[in-house]
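S.K.: Residue numbers (the numbering used here): 128 to 221. Glycine residues also receive a C-beta, built at the ideal position from the N, C-alpha and C atoms. I have a structure here, written as structure tokens, and I will follow up with some questions on it.
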């Protein structure tokens, strides 16, 4: 999966990204992307969709715009989203 994420997003994710995914898998094995939803109101998105295999059903995906918010600079990669009302989101700078 590491190579697939790096190939599709054209960036090397830091090691903590993969450790965080493993942590969320242990918290919520059925759906790691939802592991923080009940406690923190956060969902894992973006490159975590690749880790979860969700990209395989997408037609003509554009990974550079995947989970991009309107005011995000091009070098920002969203990995966590909170409230859609407030547009709260967190990520990495490339």
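#1: What residues match up with residue 216 in a beta bridge as DSSP calls it?
#2: Could you tell me the distance, in whole angstroms, from the CA atom of residue 200 to the CA atom of residue 153?
#3: Applying the 10 Å Cβ sphere with the 16-neighbour rule, what's the burial state of residue 167?
#4: Could you check the C-alpha separation between residue 184 and residue 169 for me, to the nearest Å?
#5: So who's on the other strand from residue 203, going by DSSP bridges?
#6: Within the continuous alpha helix (DSSP H) that includes residue 151, where are the two ends?
#7: Can we say the region 131-146 touches the region 154-165, given the rule of at least three CB pairs closer than 8 Å?
#8: Do residue 190 and residue 196 have their C-beta atoms closer together than 9 Å?
#9: So who's on the other strand from residue 170, going by DSSP bridges?
M.R.: With the structure as the only source:
#1: Position 89 of the chain shown holds residue 216. DSSP lists 208 as the beta-bridge partner residues of residue 216.
#2: Position 73 of the chain shown, counting from 1, holds the residue named residue 200. Position 26 of the chain shown, counting from 1, holds the residue named residue 153. Between residue 200 and residue 153, the C-alpha separation is close to 32 Å.
#3: Residue mapping note: residue 167 aligns to position 40 of the chain shown, counting from 1. It is exposed - the Cβ of residue 167 has fewer than 16 other Cβ atoms within 10 Å.
#4: Within the chain shown, the letter at position 57 stands for residue 184. Within the chain shown, the letter at position 42 stands for residue 169. Distance between the alpha carbons of residue 184 and residue 169: 23 Å.
#5: Sequence index remark: in the chain shown, residue 203 carries index 76 (1-based). Residue pairing by DSSP places residue 203 opposite 220 in a beta bridge.
#6: Within the chain shown, residue 151 is the residue found at index 24, counting from 1. Where residue 151 is concerned, the enclosing alpha helix (DSSP H) stretches over 142-154.
#7: Cβ pair count under 8 Å is below three, so no.
#8: Against the chain shown, residue 190 aligns to sequence position 63. Against the chain shown, residue 196 aligns to sequence position 69. The answer is no: Cβ separation not under 9 Å.
#9: What you label residue 170 is simply residue 43 of the chain shown in a count that begins at 1. Partner(s): 208.
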